[in-house]
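J.: If you scroll down you'll find the structure; I have some questions about it.
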Amino acid sequence: MKQKLITILACLGAVVCSASSFATQTQVIYAGSMLAGAEQTLEEQQTIVIEDAIITRFEKGTPADKWNLSATWDYENVQTTLRATRYGEVVDTSSSAEGDEVITAKWITDLEVAYRPTEQWKLALGANNLFDQYPQDTVSNIGYTDFNQIFSYSSFTPYSLDGRFIYANVTFSF
0 MKQKLITILA
10 CLGAVVCSAS
20 SFATQTQVIY
30 AGSMLAGAEQ
40 TLEEQQTIVI
50 EDAIITRFEK
60 GTPADKWNLS
70 ATWDYENVQT
80 TLRATRYGEV
90 VDTSSSAEGD
100 EVITAKWITD
110 LEVAYRPTEQ
120 WKLALGANNL
130 FDQYPQDTVS
140 NIGYTDFNQI
150 FSYSSFTPYS
160 LDGRFIYANV
170 TFSF
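What follows is the structure in structure tokens.
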């Protein structure tokens, strides 16, 4: 029974899976004492004030984590690749007067199917953002219809604002 299962799986081709992730933490620290000249008088020193909103952009304006999962299945002349990427949440400090807006984490899935009729030719059809995921509308843009509000999504969104993208390509290798 075990031998039959291995034989059946071997006939179905090979699958290569991969996973990766990262986690970051950005923190603005006070550097005034390191930057101030020891021999300068108080009048000669310049004070630079950084607003809380700017500090929040540095610390939370990019995802603190990102996960990548992929599987590629090769069977004879056909190769199928499925990728899923999770972008962690980010904070947009400029979206509304009510305060910072949290852009929630989201999974984006890509799929590509390729066919190799010969060793040199490869034909592929694929979709980035297969399930047509869009970011949430920012609070400040909900309900607006004037031209100035044409982009209703935050500029802090870590993935494409264009939704699904379907493509086809032909590759010739020599």
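Residues 0 to 173 in numbering that gives the first Met the number 0 are what the sequence shown lists, from first letter to last.
Positions of the beta carbon are idealized from the N, C-alpha and C atoms, including for glycine.
Treat the numbers as computed from the prediction; the structure is a model and nothing was measured.
#1: So the alpha helix (DSSP H) Arg85 belongs to, where does it begin and stop?
#2: Would you call Val101 buried or exposed, if buried means 16 or more other Cβ atoms sit within 10 Å of its Cβ?
#3: Suppose contacts are defined by Cβ-Cβ distances below 7 Å. Is Phe155 in contact with Val89 by that definition?
#4: Could you have a look at Glu118 and say whether DSSP puts it in helix, strand or coil?
#5: Spell out the partners DSSP gives Glu100 in its beta bridges.
#6: Hey, Lys59 and Phe21 are a contact pair by Cβ (cut 8 Å); roughly how many whole angstroms apart?
#7: In the structure shown, what three-state DSSP assignment does Ile28 receive?
#8: Excluding five sequence neighbours on each side, which residues of the same chain lie with their C-beta closer than 6 Å to the C-beta of Ala113?
#9: Please report the residue range of the beta strand (DSSP E) in which Thr170 lies.
#10: Candidates Val27, Ala70 and Tyr152: which alpha carbon is nearest Gly162's?
#11: Do Leu129 and Thr108 come within 7 Å of each other at the CB atom, strictly closer than that value?
#12: Does the beta-carbon of Pro157 have 16 or more other beta-carbons within 10 angstroms, so that it is buried, or is it exposed?
#13: Let me confirm a value: Pro134 is counted as buried when at least 16 other C-beta atoms fall within 10 Å, else exposed. Which label applies?
#14: Answer with buried or exposed for Gly87, where buried requires no fewer than 16 other C-beta atoms within 10 angstroms of its C-beta.
#15: Express the C-alpha separation of Ala13 and Phe57 in angstroms, rounding to a whole number.
#16: Alpha carbon to alpha carbon, how far is Asn168 from Ala30? Give it in angstroms, no decimals.
T.: Taking the coordinates as given:
#1: No alpha helix (DSSP H) contains Arg85, which is instead part of the beta strand (DSSP E) from Val77 to Tyr86.
#2: Label assigned to Val101: exposed.
#3: Contact: yes.
#4: Three-state result, Glu118: coil.
#5: DSSP lists Asp91 as partners of Glu100.
#6: Taking the Cβ atoms as the reference, Lys59 lies roughly 16 Å from Phe21, outside the contact range of under 8 Å.
#7: In this structure, Ile28 counts as coil in the three-state DSSP scheme.
#8: Excluding sequence neighbours, Ala113 sits near Gln78, Lys121 and Ala123.
#9: Phe164 to Phe171 is the extent of the beta strand (DSSP E) around Thr170.
#10: When each option's Cα is compared against that of Gly162, the closest is Tyr152.
#11: For Thr108 and Leu129, yes; Cβs fall inside 7 Å.
#12: The residue in question, Pro157, is buried, as its Cβ has 16 or more Cβ neighbours within 10 Å.
#13: Buried: at least 16 other Cβ atoms inside 10 Å.
#14: Gly87 counts as buried, since no fewer than 16 other beta carbons sit within 10 angstroms of its beta carbon.
#15: Straight across, the Cα-Cα distance linking Phe57 with Ala13 is about 43 Å.
#16: In this prediction, Ala30 has a pLDDT of 48, which is less than 50 and means its spatial position is unreliable; what the coordinates show is noted afterwards. A direct Cα-to-Cα measurement between Ala30 and Asn168 gives close to 51 Å.
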